[in-house]
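Working notes for the structure below.
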Amino acid sequence: MGNHRQVNHQANWENLGDKTSQSLLRMRKVLVLERIMLVAFLLSLGILFLPWRQTIPGKGTVTALRPQDRPQTIQNQIGGRIERWHVSEGQKVRQGDTILLISEISQSYFDPELPLRLKEQLKAKQGSEAAAKQKMRATEDQIGALGRGLKFQLVSAENKVKQSINYVQSDSADVEALRQFYRVSQSRLARYEQGFKDGLFSLTDIETRRLNVQNDNAKLIAQENKLNSSKQSMLNAQIELDNIRAKYQESLAKAKSDMGTALSGQASAQGDIAKLRNEIANIDFRRGLYVVRAPQDGYVIKTMKAGIGENIKDGESVATLQPENPLVAAEIYVNAMDVPLMEEGSEVRLQFEGWPSVQFSGWPSVAVGTFAGRVFSIDRMVSANGTYRVLVKQMVPVPQTDEPWPIQLRQGSGVFGRVILNSVPVWYEIWRQLNGFPPSLEKEPKSTGNQGK
0 MGNHRQVNHQ ANWENLGDKT SQSLLRMRKV LVLERIMLVA FLLSLGILFL
50 PWRQTIPGKG TVTALRPQDR PQTIQNQIGG RIERWHVSEG QKVRQGDTIL
100 LISEISQSYF DPELPLRLKE QLKAKQGSEA AAKQKMRATE DQIGALGRGL
150 KFQLVSAENK VKQSINYVQS DSADVEALRQ FYRVSQSRLA RYEQGFKDGL
200 FSLTDIETRR LNVQNDNAKL IAQENKLNSS KQSMLNAQIE LDNIRAKYQE
250 SLAKAKSDMG TALSGQASAQ GDIAKLRNEI ANIDFRRGLY VVRAPQDGYV
300 IKTMKAGIGE NIKDGESVAT LQPENPLVAA EIYVNAMDVP LMEEGSEVRL
350 QFEGWPSVQF SGWPSVAVGT FAGRVFSIDR MVSANGTYRV LVKQMVPVPQ
400 TDEPWPIQLR QGSGVFGRVI LNSVPVWYEI WRQLNGFPPS LEKEPKSTGN
450 QGK
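Sequential numbering from 0 applies to the sequence shown in numbering that gives the first Met the number 0.
And the structure:
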């Protein structure tokens with residue numbers, strides 16, 4: 000029993016060194032782990048205070064900055080039948096090159112001699128206008144002759160009226176004188192009759208005086224009849240004067256009516272002439288529209304119609320044209336919450352599809368394969384999906400550390416951009432992302448109304 004305990008005690012002393020070595024190794028591992036955790040904590044704490052560049056992300060496509068640089072459809076202005084295609088898809092064309100040749104399908108323009116026919120009608124209408132002008136001149140001469148004839152007739156008639164008035168005045172004076180003579184003769188006759196009664200005068204004297212009274216009365220009656228005739232002549236002269244004036248007014252009204260008819264004919268002829276000239280010009284212009292031409296230099300992307308002999312309506316699209324050298328831009332869409340933080344001229348980092356790049360959200364300066372841009376405009380109205388469209392153009396001049404946008408960019412390709420904002424600590428950005436807050440805003444964006452002008 001004692002020997003067994005002694006053996007165990009000796010074995011424990013022999014294994015004591017190994018156990019001590021194992022314990023020391025475990026303590027060293029714990030110390031290393033604690034040091035690593037401490038270093039990691041300090042590094043994490045330091046990272047939290049590193050500067051973080053806030054950005055507003057947005058996705059979109061490549062487009063053109065100017066409307067005339069964007070793909071456009073080529074339309075025919077008149078309806079017709081396709082006779083011949085002069086281009087193929089992908090072909091480069093210059094401004095004015097023939098795209099399509101069409102023929103007429105409207106019955107109103109089938110006559111190949113239609114311009115000649117219209118010119119003949121125009122010549123006839125011009126003759127009608129000349130005849131109307133000639134009639135107007137003749138009517139003007141007639142009105143002038145009427146005026147001159149009236150002048151002489153009026154002078155003659157007025158003289159007759161004046162002469163009749165003089166006759167009336169002269170006859171009135173004679174009547175008054177004869178009436179006075181008649182009254183004097185009656186007074187003398189009364190005195191002679193009284194004298195005859197008194198025996199102063201003879202019967203012969205009384206008869207003589209009675210005869211004189213009758214003669215004076217006859218003269219007075221004759222002169223009164225003459226005065227009445229003079230007054231009637233004066234009335235006839237005035238009536239004749241009024242008739243002359245009325246006849247002149249009637250003739251003048253008829254001449255003016257003829258003048259109005261001639262003027263109306265001239266105006267109608269001029270209207271028809273203008274209409275015919277318009278039709279001739281329209282036909283000449285329409286025949287120039289049988290050829291559909293390229294509006295500008297570019298490439299024919301796609302033809303909308305196919306075949307020969309197919310009818311097309313007026314204003315129908317026949318092909319799509321991409322301008323040759325468009326001024327490309329990027330349109331990205333951002334959330335409505337971030338729009339108030341942006342302004343025209345803000346810096347943007349862009350990543351185009353097809354160009355390998357590595358972009359760091361908080362450190363855009365160390366990004367690889369991205370391109371510089373500036374905000375050109377921000378839509379004033381929300382899009383259908385609740386976002387706002389931001390148009391980004393290339394930064395000019397290009398920064399020395401960047402490269403210009405690739406010339407191989409095609410409109411419609413995808414693009415991802417980040418609008419650069421303020422610099423904040425990393426801990427603030429983490430706190431903002433966890434709470435869903437928008438990026439910070441130190442000051443109100445400057446108004447760019449003048450820049451847009």
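All C-beta atoms in this analysis are idealised placements derived from N, C-alpha and C, irrespective of residue type, glycine included.
Nearest-angstrom Cα separation, counted from residue j out to residue i
i              : j              : result
glycine 344    : isoleucine 55  : 14 Å
threonine 369  : threonine 400  : 11 Å
glycine 194    : lysine 225     : 36 Å
glutamine 410  : lysine 392     : 13 Å
valine 212     : leucine 251    : 58 Å
histidine 85   : asparagine 384 : 42 Å
alanine 39     : threonine 60   : 42 Å
leucine 420    : alanine 63     : 25 Å
threonine 447  : arginine 348   : With a pLDDT of 45 at threonine 447, under the threshold of 50, the predicted position of this residue should be treated as unreliable, though the coordinate-derived value follows. Approximately 21 Å between the Cα atoms of the pair.
proline 66     : leucine 326    : 10 Å
isoleucine 101 : valine 291     : 8 Å
glutamate 402  : isoleucine 35  : 42 Å
glutamate 352  : valine 395     : 22 Å
alanine 245    : tyrosine 108   : 57 Å
glycine 308    : tyrosine 289   : 14 Å
leucine 115    : aspartate 257  : 34 Å
lysine 161     : isoleucine 243 : 16 Å
lysine 134     : aspartate 173  : 57 Å
Nearest to residue i (by Cα), restricted to the options the options
i              : options                        : result
alanine 176    : Gln222, Ala39, Lys255, Thr72   : Gln222
serine 376     : Arg388, Lys218, Val154         : Arg388
arginine 209   : Leu390, Glu402, Glu192, Gln67  : Glu192
arginine 83    : Gln321, Gly306, Gln106         : Gly306
asparagine 216 : Ile300, Ser184, Pro70, Lys312  : Ser184
alanine 129    : Gln265, Arg286, Ala383, Gln321 : Gln265
glutamate 112  : Lys132, Gln350, Ile282, Gly308 : Ile282
valine 338     : Val414, Leu32, Arg379          : Arg379
alanine 189    : Glu346, Glu206, Val327, Ser232 : Glu206
valine 92      : Pro322, Thr386, Met258         : Pro322
isoleucine 104 : Gly57, Ile77, Gly314           : Ile77
aspartate 96   : Asn227, Asp110, Ile73          : Ile73
aspartate 110  : Arg286, Ala261, Gln71          : Arg286
glutamate 346  : Asn334, Leu42, Gly372, Thr386  : Gly372
Own chain, CB closer than 7 Å to residue i, minus 5 neighbours either side, in chain order
i              : result
serine 229     : Ser163, Tyr166, Val167, Asp170
tryptophan 354 : Gly368, Pro405
alanine 328    : Thr62, Ala63, Leu64, Phe375, Leu390, Val391, Lys392
lysine 304     : Ile81, Ile311, Val317
leucine 145    : Tyr247, Ser250, Leu251, Ala254
threonine 138  : Ala254, Asp257, Met258, Ala261
The beta strand (DSSP E) enclosing residue i, as first and last residue numbers
i              : result
glutamine 393  : 386–393
tryptophan 404 : Looking at the DSSP string, tryptophan 404 is not in any beta strand (DSSP E), and its letter there is neither H nor E.
serine 376     : 370–377
arginine 65    : Careful: arginine 65 lies outside any beta strand (DSSP E) and carries neither H nor E.
glutamate 82   : 79–84
glycine 297    : 297–302
serine 105     : From DSSP, serine 105 is part of no beta strand (DSSP E); its letter is neither H nor E.
6 Å Cβ shell around residue i - same chain, five flanking residues per side excluded
i             : result
glutamine 141 : Ala254
glutamine 120 : Leu275
alanine 273   : none
glutamate 239 : Ala156
glycine 297   : Leu320, Gln321, Pro322, Glu323
Coil, strand or helix - residue i by DSSP
i              : result
lysine 132     : helix
leucine 349    : strand
tyrosine 289   : coil
isoleucine 35  : helix
proline 325    : coil
arginine 409   : coil
proline 56     : strand
glutamine 74   : strand
valine 381     : coil
lysine 225     : helix
glutamate 460  : The question about residue 460 has no answer, for the chain in this structure spans 0 to 452.
isoleucine 220 : helix
glycine 306    : coil
arginine 417   : strand
glutamate 206  : helix
leucine 115    : helix
glutamate 342  : coil
valine 333     : strand
valine 92      : strand
Own chain, CB closer than 8 Å to residue i, minus 5 neighbours either side, in chain order
i                 : result
phenylalanine 180 : Asp215, Lys218, Leu219
lysine 159        : Ala236, Glu239, Leu240
lysine 301        : Glu88, Ala318, Thr319
lysine 124        : Ala268, Asp271, Ile272, Leu275
leucine 117       : Leu275, Glu278, Ile279, Ile282
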